[in-house]
Amino acid sequence: MNSSSFEPRLVGFLCTWCSYTGADLAGTARMTYPPNVRIIRVMCSGRVDPQFVLKAFEEGADGVLISGCHLGDCHYQEGNYKALRRHRLLARVLEQYGIEKERFRLEWVSASEGVKFQKVCDEFTERIRALGPLNHNGHGGAAHE
Amino acid sequence: MSDSKPKVAFYWCSSCGGCEESIVDLGADILKVVAAVDIVYWPVALDFKKKDLEAMPDGSIAVSFINGGIRMSEQEEMAHLLRRKSGLVVAHGACAHLGGIPGLANFWTKSAIFDTVYHKTFSTANPSKAEPLAKSMVDGHELTLPEFWDTVKPLDAVIDVDYYLPGCAPHRDLILNAVTAILEGKLPPKGAVLSPNTSCCDDCDRNETKPEKLTVKEIKRPYEVLLDPKTCFLAQGVICLGPATRGGCGERCIHGNMPCRGCMGPTDQVRDQGAKFLSAFASILEAKDEAEVDRLVDTIVDPAGTFYRFSLPSSILKRKKMEVVR
Ligand code: SF4
Ligand code: SF4
Ligand code: SF4
Ligand code: FES
């Protein structure tokens, strides 16, 4: 597959209070951005179990985004701090699995930051497009030889 | 030998021999087991050959206990053969259950392992650069060896497994309970792990020393601190996989003043033990800004190897990504 025909498959876990609302704003304001991020709404970035991220990569995601309220603004107070710590630790573990850390991104997007959400999607899609497909499982991920 | 006694087989695949030892460690109780069953196949201890096993009618062995993961072609072949001959198959020990310690090789590939073992180690003299081959010709004869694979798999990735006896190696009480349950026909539903579905922390004497709000400011390895023999390891800043590990092991490490490394695998509710521990551990780290979080997590030596010490081949991602040769 050459990189020009490659459309990254990205999964985005967005907290409902800030980032999902921010994404909604980008939509209602008719901002254009690449449609590659498949959005999954969660109550809080702290609700994203690292198993969800691994599952996404296993099922063929080329990149995973977690987005929540800015630090200090989480509606459950501590959720995004937990998300931050899990993200940094999981990113290191993913590197040991051979998954580049650029493929796993954490962003803070507030309810009013539609423009920022647009920028995150643009940048993330282009970054992963340049990196190419991951195919952790598709190409001999669990094969014998 | 009476024909009415149930027939039992023991076999080892990619293992260290410790699980075989766990049967011998039953001590005097092994005599009760031997009295109640006919051991029809046990290569480590008794002189049976593969052809003896092949000659047995399909399904004639009541239960086969198989330890070790699947790393070579011969192990997969034997697992299939035992499966065909047996009514029940029990994955015996962490290696068969989850992949175990040898499964950490899934962070590497066959070529990297061969390169180290046959060429790079200090003690290796291999001027002809020979490596084991599945087939080779010597003096006009074709010789074969089992194929060595890139990936270690848990037993249930190659055959249907009825029960799992967890632990590295399984505690004797768990083995005896399993044998008794099989002999008495009092087995839980198929697929069960034969140990309570509680966490290691639930069984731990140190659990009550966990502070109300447990936090970790600095992460230490066991050799770096004088470990208090009564206090929760996490409260001492030492990684202990107890919260993400199934109970029933007898808390052998904790009683030896060493933290839990996770050999019993996850509880029924958890798919990926390493990720679950990572989640719990990250949440108690005392770090509020990005730089401090980075600093703290960088002090964990080999996080993936620590969190997946026994379970990498059965984790969601199973192995390091293979480079695709195009
Ligand atoms: S589970 Fe532990 S004792 Fe059993 S074979 Fe594997 S490494 Fe050895
Ligand atoms: S974390 Fe370890 S030491 Fe602490 S209660 Fe759990 S098993 Fe015991
Ligand atoms: S304490 Fe942990 S590592 Fe030790 S035997 Fe029990 S489950 Fe296994
Ligand atoms: S509610 Fe948005 S990060 Fe917690």
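Sequence order for the protein chains is W and G.
For the first sequence, our numbering begins at 10 and goes up steadily by one.
For the second sequence, our numbering begins at 837 and goes up steadily by one.
Each residue gets a CB set at the ideal place from its N, CA and C atoms; glycine is no exception.
The model shown is predicted, which means the values in this text are computed figures rather than measured ones.
Residue closest to residue i, alpha-carbon to alpha-carbon, out of the options
i, options, result
"TYR1059(G)", "ILE1011(G), THR945(G), ILE1075(G) and SER947(G)", "ILE1075(G)"
"LEU969(G)", "ASP874(G), PHE958(G), SER947(G) and ILE1018(G)", "SER947(G)"
"CYS78(W)", "ARG18(W), SER14(W) and SER28(W)", "SER28(W)"
"SER896(G)", "ARG1107(G), PRO1149(G) and VAL876(G)", "VAL876(G)"
"SER851(G)", "ALA932(G), ALA891(G), PRO1025(G) and LEU1153(G)", "ALA932(G)"
"LEU74(W)", "GLY81(W), MET52(W), GLY123(W) and VAL20(W)", "VAL20(W)"
"LEU1121(G)", "VAL57(W), VAL129(W), CYS24(W) and LEU93(W)", "LEU93(W)"
"GLY929(G)", "GLY1003(G), SER1147(G), LEU1148(G) and THR980(G)", "GLY1003(G)"
"PRO990(G)", "ASP865(G), ALA1118(G), ILE906(G) and VAL870(G)", "ILE906(G)"
"SER858(G)", "LEU979(G), GLU1054(G), ASP1009(G) and LYS956(G)", "ASP1009(G)"
"PHE66(W)", "ASN89(W), GLU135(W), MET52(W) and PRO17(W)", "PRO17(W)"
"CYS849(G)", "VAL869(G), GLY936(G), ALA891(G) and ASP1125(G)", "GLY936(G)"
"HIS145(W)", "SER119(W), ARG112(W) and ALA120(W)", "ARG112(W)"
"ARG47(W)", "ALA32(W), GLY55(W) and ASP58(W)", "ALA32(W)"
"ASP817(G)", "PRO879(G), GLY939(G), GLU967(G) and TRP878(G)", "The first residue shown for chain G is 837 and the last is 1162, placing residue 817(G) beyond what the model contains."
"ASN1043(G)", "PHE884(G), LYS1056(G) and LEU1070(G)", "LEU1070(G)"
"LEU98(W)", "VAL1133(G), VAL988(G), CYS1099(G) and ILE1152(G)", "VAL1133(G)"
"VAL860(G)", "ASP894(G), PRO842(G) and LEU882(G)", "LEU882(G)"
"SER1150(G)", "ALA961(G), VAL953(G), GLU1126(G) and MET1100(G)", "MET1100(G)"
"ALA100(W)", "LEU63(W), PHE15(W) and PRO44(W)", "LEU63(W)"
"LEU924(G)", "ILE1055(G), LEU1019(G), ARG1131(G) and ARG1057(G)", "LEU1019(G)"
"ARG114(W)", "GLY141(W), ARG136(W) and GLY88(W)", "ARG136(W)"
Reduced DSSP secondary structure (H/G/I, E/B, other) of residue i
i, result
"GLU913(G)", "helix"
"LYS841(G)", "coil"
"LYS989(G)", "strand"
"PHE1146(G)", "coil"
"LYS1053(G)", "coil"
"GLY149(W)", "Any answer about GLY149(W) is weak, because its pLDDT of 37 lies below 50 and its placement is not dependable; what the coordinates show is given next. It is coil, neither helix nor strand."
"ASP33(W)", "helix"
"TYR42(W)", "coil"
"ILE949(G)", "helix"
"ALA139(W)", "helix"
"ILE1136(G)", "coil"
"LEU979(G)", "strand"
"GLU154(W)", "A caution first: GLU154(W) carries a pLDDT of 37, below 50, which makes its placement in the model too unreliable to give a value."
"PHE846(G)", "strand"
"ASN903(G)", "strand"
"ARG18(W)", "coil"
"ALA941(G)", "helix"
"ALA927(G)", "strand"
"SER1035(G)", "strand"
"LEU1077(G)", "coil"
"LEU1121(G)", "strand"
"ARG1155(G)", "coil"
"ARG1082(G)", "strand"
"VAL62(W)", "helix"
"VAL102(W)", "helix"
"VAL1061(G)", "coil"
"VAL994(G)", "coil"
"HIS84(W)", "coil"
Counterpart residues of residue i in DSSP-defined beta bridges
i, result
"ILE897(G)", "SER922(G)"
"CYS24(W)", "VAL51(W)"
"GLU116(W)", "SER76(W)"
"MET1094(G)", "Beta-bridge pairing links MET1094(G) to no other residue."
"LYS971(G)", "THR980(G)"
"MET908(G)", "PHE984(G)"
"ARG94(W)", "Answer is none; ARG94(W) lacks a bridge partner."
"ILE875(G)", "VAL844(G)"
"SER959(G)", "In DSSP, SER959(G) forms no bridge with anything."
"LEU1001(G)", "HIS928(G)"
"VAL1029(G)", "TYR1000(G)"
At a CB distance below 7 Å, what residues from the segment 60-83 of chain W approach chain G? Give them in sequence order.
Answer in chain order: GLN60, LEU63, LYS64, PHE66 and GLU67.
- Task: Please confirm if the segment 1083-1099 of chain G is in contact with the segment 1026-1037 of chain G, defined as three or more CB-CB distances below 8 Å between the two stretches.
- Result: yes
- Tell me, please, whether the segment 1139-1151 of chain G touches the segment 94-107 of chain W by the rule of three or more beta-carbon pairs shorter than 8 Å. yes
Hey, is the segment 993-1003 of chain G in contact with the segment 901-917 of chain G, meaning 3+ C-beta pairs nearer than 8 Å? yes
By the 9 Å beta-carbon criterion, what residues does the segment 1095-1115 of chain G contribute toward chain W? Across the segment 1095-1115 of chain G, CB contacts with chain W closer than 9 Å involve VAL1106, ARG1107, ASP1108, GLY1110, ALA1111, LYS1112, LEU1114 and SER1115, in sequence order along the chain.
Discussion item. Taking beta-carbon pairs under 7 Å, can you tell me which members of the segment 93-121 of chain W lie near chain G?
Written reply: LEU93, ARG94, ARG95, ARG97, LEU98, LEU99, ARG101, VAL102, GLN105, TYR106, GLY107 and ILE108
| request: Check whether the segment 1110-1129 of chain G touches the segment 1142-1150 of chain G, taking contact to mean three or more Cβ pairs, one atom from each stretch, closer than 8 Å. | output: A contact is defined here as three or more CB-CB pairs under 8 Å, and the segment 1110-1129 of chain G meets this definition with respect to the segment 1142-1150 of chain G.
message = Tell me which residues of the segment 919-943 of chain G have at least one Cβ-Cβ distance to chain W shorter than 7 Å, keeping chain order.
response = PHE943
For the segment 122-130 of chain W against the segment 40-55 of chain W, do three or more pairs of beta-carbon atoms, one drawn from each stretch, fall closer than 8 Å, so that the two count as touching? yes
Report all residues for which the CB-ligand distance to some heavy atom of ligand 6 is below 6 Å; order them along the chain. Ligand 6 is not part of this structure, which contains only ligand 1, ligand 2, ligand 3 and ligand 4.
Contact set between the segment 1019-1043 of chain G and chain W, restricted to residues whose Cβ is under 9 Å from the partner
none
*asked:* Would you call the segment 974-994 of chain G in contact with the segment 888-895 of chain G, where contact means no fewer than 3 C-beta pairs closer than 8 Å?
replied: no
May I ask you to list, following chain order, the residues of the segment 949-974 of chain G that have a beta carbon less than 8 Å from some beta carbon of chain W? none
How about the segment 1050-1067 of chain G and the segment 1101-1110 of chain G: do they share at least three Cβ pairs that are nearer than 8 Å?
With the cut-off at 8 Å, the segment 1050-1067 of chain G and the segment 1101-1110 of chain G do not touch.
ask   = Do the segment 1085-1102 of chain G and the segment 1032-1040 of chain G make contact, defined as three or more Cβ pairs closer than 8 Å?
value = yes
Original post:
Taking a cut of 9 Å between CB atoms, which residues from the segment 873-891 of chain G lie near chain W?
Top reply: none
Using a Cβ-Cβ cutoff of 7 Å, what residues of the segment 1118-1130 of chain G are near chain W? List them in chain order. ALA1118, SER1119, LEU1121, ALA1123, LYS1124, GLU1126, VAL1129 and ASP1130
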